[in-house]
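J.: Okay, here's the structure, questions in a sec.
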Ligand code: UDP
Ligand code: MG
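Numbering (our numbering), first residue to last: 2 to 330.
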């Protein structure tokens, strides 16, 4: 901290030989946390001085003065870089913008700005990376979330693990370190609907976990509400699992066989046992069942078409409004 640009440039020569680690920090209305975050991160990172550190803050369209504070920090601390998005795009996309701003890092660490991902854990992440792990993820020991959110997330992970071809660790967080190899692959991903943690888990590589306990949010409150989380859950499902489509298939088969059985029974009993059914009865059996199948199928197909749609229109994922601290300015 407080290094002037000049002494920084003189230091560059030795620094350039050090491996580079970039932190990618999504920021949404974190004005009250940013200074404390930088201080806390600096404290940890100063001890790890065999690496050259850069902090890439991605301002995800904050309404408070987060961006001014980032600019401020960038002026005083050459390690700080900032990307400002033109509006709030959501954390997953902010992370993507951050990743795409990383140019030559040997490792990248995703970390939240609200101090819920304790910066001191960075030392452990790096230690595991030095051991040769290419992905060092974290698990959270205590969660202060409401029981509805906890139950929701438990159900989500259970379903995802059970029914999709993806194995994700419950309690895993976005706080993680990725080796440059992993990052290189991640950058080639072009899909639009994103669930970062899922994508990274899907990739494989040599991977390990570090456990930490999550403190309460210091300032402000969690910006994710239930519908955001529900959306994330639904999106991760439909991007990673064909289960809904399969269920529709099964439902269709069940309904068709049921209706055929009933119809067969009606015909048999009418012809051989002189049981009389009104045409209306036939009509109802036919109609209700087939109509149900069609509706269920349509509803689900709509979800998939939605994804195809977003993939196909290839709109940029985000728009950068401002950058600070990067060389190409
Ligand atoms: N965040 C973001 N865009 C958003 C919401 C959140 O960049 O639309 C950032 C936020 O500033 C924080 C991190 O993502 O650094 C995690 O957000 P939050 O603490 O609200 O989520 P939680 O800890 O409840 O998962
Ligand atoms: Mg948080």
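Glycine residues also receive a C-beta, built at the ideal position from the N, C-alpha and C atoms.
(1) Is residue 61 near ligand 2, going by C-beta to nearest heavy atom under 7 Å?
(2) Do residue 87 and residue 28 have their CB atoms nearer than 8 Å?
(3) Below 7 Å, is the gap between the Cβ of residue 64 and the nearest heavy atom of ligand 1?
(4) Would you check if the distance between the CB atom of residue 40 and the CB atom of residue 114 is smaller than 8 Å?
(5) Over the uninterrupted alpha helix (DSSP H) stretch that includes residue 73, give me the two end residues.
(6) Checking the sheet assignment: what are the DSSP bridge partners for residue 120?
(7) Rounded to the nearest angstrom, how far is the Cβ of residue 58 from that of residue 21, given a contact under 8 Å?
(8) Exposed or buried, what is residue 237 when buried is set at 16 or more other beta-carbons lying within 10 Å of its beta-carbon?
(9) Locate the beta strand (DSSP E) running through residue 323, then write down its first and last residues.
(10) Run through DSSP, which three-state label would residue 170 get?
(11) Looking only at DSSP bridge pairs, what is residue 178 linked to?
(12) Could you tell me which of 154, 80, 197 and 294 sits nearest to residue 228, measuring between CA atoms?
(13) Here's a check: name, in chain order, each residue in its chain whose Cβ is nearer than 7 Å to the Cβ of residue 253, leaving out the five neighbours to either side.
(14) Check for me: the alpha helix (DSSP H) holding residue 202 runs from which residue to which?
(15) Indicate whether residue 83 and residue 60 have their beta-carbon atoms separated by less than 8 Å.
(16) Leaving out the 5 sequence neighbours to the left and right, which residues in its chain are closer than 6 Å to residue 270 when beta-carbon positions are compared?
(17) Decide if the stretch 316 to 326 is in contact with the stretch 103 to 113; the criterion is three or more beta carbon pairs, one per stretch, under 8 Å apart.
(18) Could you tell me which residues DSSP puts in a beta bridge with residue 57?
(19) Check whether the Cβ of residue 175 lies closer than 7 Å to any heavy atom of ligand 2, and answer yes or no.
(20) Excluding the 5 residues preceding and the 5 following residue 51 in the sequence, name in chain order all residues of the same chain whose CB lies nearer than 7 Å to its CB.
(21) Going by beta-carbon coordinates alone, are residue 177 and residue 138 separated by less than 8 Å?
(22) When you compare each of 248, 284, 251 and 249 to residue 264 by their alpha carbons, which one comes out closest?
(23) What's the call for residue 201, buried or exposed, on a 16-neighbour Cβ count within 10 Å?
(24) Tell me where the alpha helix (DSSP H) around residue 36 begins and ends.
(25) Here's the rule: buried if 16 or more other CB atoms are within 10 angstroms of the residue's CB, otherwise exposed. What is residue 47?
(26) List the endpoints of the continuous alpha helix (DSSP H) containing residue 103.
(27) Identify which residue in 226, 305, 190 and 302 has its Cα closest to the Cα of residue 147.
(28) To the nearest angstrom, report how far apart residue 312 and residue 287 are at their CA atoms.
(29) If you follow the beta strand (DSSP E) that residue 210 is part of, which residue opens it and which one closes it?
(30) So, residue 204 versus residue 183, is the Cβ gap smaller than 8 Å?
T.: Let me spell this out:
(1) Because no heavy atom of ligand 2 lies under 7 Å away, the Cβ of residue 61 does not count as near it: no.
(2) Against a cut-off of 8 Å, the Cβ pair of residue 28 and residue 87 comes out as no contact.
(3) No, ligand 1 has no heavy atom inside 7 Å of this Cβ.
(4) No. Outside cutoff.
(5) Start and end: 67 to 77.
(6) Beta-bridge pairing by DSSP links residue 120 to no other residue.
(7) Going by Cβ atoms, the distance from residue 58 to residue 21 rounds to 17 Å, so no, they are not a contact pair.
(8) Within 10 angstroms of the beta-carbon of residue 237 lie 16 or more other beta-carbons, which makes it buried.
(9) Where residue 323 is concerned, the enclosing beta strand (DSSP E) starts and stops at 321 to 325.
(10) Note: residue 170 maps to coil in three-state DSSP.
(11) DSSP lists 110 and 137 as partners of residue 178.
(12) In this structure, 154 is the residue among 154, 80, 197 and 294 with its C-alpha nearest to the C-alpha of residue 228.
(13) Answer for residue 253: 294 and 298, listed in chain order.
(14) Boundaries of the alpha helix (DSSP H) harbouring residue 202: 197 to 204, taken from the DSSP string.
(15) Cβ atoms of residue 83 and residue 60: closer than 8 Å.
(16) Here the set comprises 276.
(17) Taking 8 Å as the limit for Cβ pairs, the verdict is that the stretch 103 to 113 does not touch the stretch 316 to 326.
(18) DSSP lists 25 and 82 as partners of residue 57.
(19) No, Cβ of residue 175 sits at least 7 Å from all heavy atoms of ligand 2.
(20) Contacts found: 19.
(21) Yes; because the gap between Cβ atoms is below 8 Å, this pair is in contact.
(22) Checking every option, the nearest Cα to that of residue 264 belongs to 284.
(23) Result: buried.
(24) Taken as a continuous stretch (DSSP letters only), the alpha helix (DSSP H) holding residue 36 covers 32 to 48.
(25) Exposed is the call here.
(26) Following the DSSP letters along the chain, one finds residue 103 in no alpha helix (DSSP H), marked with neither H nor E.
(27) Out of 226, 305, 190 and 302, 226 has the C-alpha closest to the C-alpha of residue 147.
(28) A direct Cα-to-Cα measurement between residue 312 and residue 287 gives close to 38 Å.
(29) First-last of the beta strand (DSSP E) with residue 210: 208 to 213.
(30) Yes.
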